[in-house]
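For reference, each letter of the sequence shown is one residue, going 1 to 167 in the working numbering. Every residue, glycine too, gets a C-beta built ideally from N, C-alpha and C. Small disclaimer: the values here were computed from a predicted structure and weren't measured. Here's the structure we're looking at; comments come further down.
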Amino acid sequence: EELKQLDVKFLQGLEEAGHKRDIIQGGIFQQMEAVRAGNESSWESCPKTWKAFQGSCYHFCTDEPPWLKATGRCAEEGAHLVINSQAGQEFLSPKKDVTYWMGLRKQSSIDIYKWQSTSPHLHFHRNWSSERSYPDYCIFMKFGHWTKFDCVAYWHGYSICEKPQMC
């Protein structure tokens with residue numbers, strides 16, 4: 001059990017380091033492109049319709065696409081469905097009146113969750129709702145709680161895309 005906890009902490013640290021590396025690399029690339037174009041001050045940290053928070057840009061989609069369409073839409077923007085950090089969780093938790101898809105899916109009878117982003121398995125959230133389980137399900141945030149829902153069933157929820165902020 002102690003070894004398992006160390007493994008989880010190691011994976012969380014690795015994920016956070018990778019996320020920060022991606023932010024830094026993206027910022028450096030953006031700066032190099034701006035310098036090359038002679039416009040060091042012309043680029044923005046997040047697209048106009050996105051909201052910045054702690055190194056990430058968030059886009060709140062309100063047209064209620066199904067989970068697969070929501071993941072595809074985020075990918076087209078170079079982003080992923082939320083949440084992949086404790087900070088992101090805390091940023092979005094106050095929005096309790098909104099139900100939205102998250103980039104987390106469980107696709108087997110084993111209790112292992114796979115993030116749609118490149119993050120490893122994360123274990124920072126314990127605020128599950130008491131709704132029933134499915135063998136293959138996607139996760140959405142409902143009234144501040146993570147909720148499991150059958151991925152193949154037809155259900156709509158808002159979606160929130162996240163990508164590294166370019167500084």
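Am I right that residue i and residue j are in contact with their C-beta atoms under 8 Å? What's the rounded C-beta distance?
{"i": "L68", "j": "C74", "result": "11 Å between Cβ atoms; not a contact."}
{"i": "T147", "j": "I160", "result": "Not confirmed; about 15 Å, so no contact."}
{"i": "E77", "j": "H59", "result": "7 Å"}
First and last residue of the alpha helix (DSSP H) that includes residue i?
{"i": "A75", "result": "67-76"}
Applying the 10 Å Cβ sphere with the 16-neighbour rule, what's the burial state of residue i?
{"i": "E90", "result": "exposed"}
{"i": "I83", "result": "buried"}
{"i": "E162", "result": "buried"}
{"i": "C157", "result": "First, the amino acid is wrong: residue 157 is Gly here, not Cys. Looking at its Cβ environment, which holds 16 or more other Cβ atoms inside 10 Å, G157 is buried."}
{"i": "E15", "result": "buried"}
{"i": "P47", "result": "exposed"}
{"i": "K4", "result": "exposed"}
{"i": "Q165", "result": "buried"}
{"i": "A70", "result": "buried"}
{"i": "A79", "result": "buried"}
{"i": "G72", "result": "exposed"}
{"i": "L6", "result": "exposed"}
{"i": "G55", "result": "buried"}
{"i": "K51", "result": "exposed"}
{"i": "G13", "result": "exposed"}
Name the two residues that bound the continuous beta strand (DSSP E) containing residue i.
{"i": "F143", "result": "Here F143 belongs to no beta strand (DSSP E), and DSSP marks it neither H nor E."}
{"i": "G103", "result": "100-106"}
{"i": "E64", "result": "E64 -> no beta strand (DSSP E), and no H or E assigned at all."}
{"i": "C161", "result": "158-164"}
{"i": "A79", "result": "Unbroken run through A79: none, as it is neither H nor E."}
{"i": "K48", "result": "Premise fails: K48 is in no beta strand (DSSP E) and is neither H nor E."}
Which of helix, strand or coil does DSSP assign to residue i?
{"i": "K9", "result": "helix"}
{"i": "S42", "result": "For S42, the pLDDT reaches just 47, beneath the cut-off of 50, and the residue's location in the model is therefore unreliable, leaving the point undetermined."}
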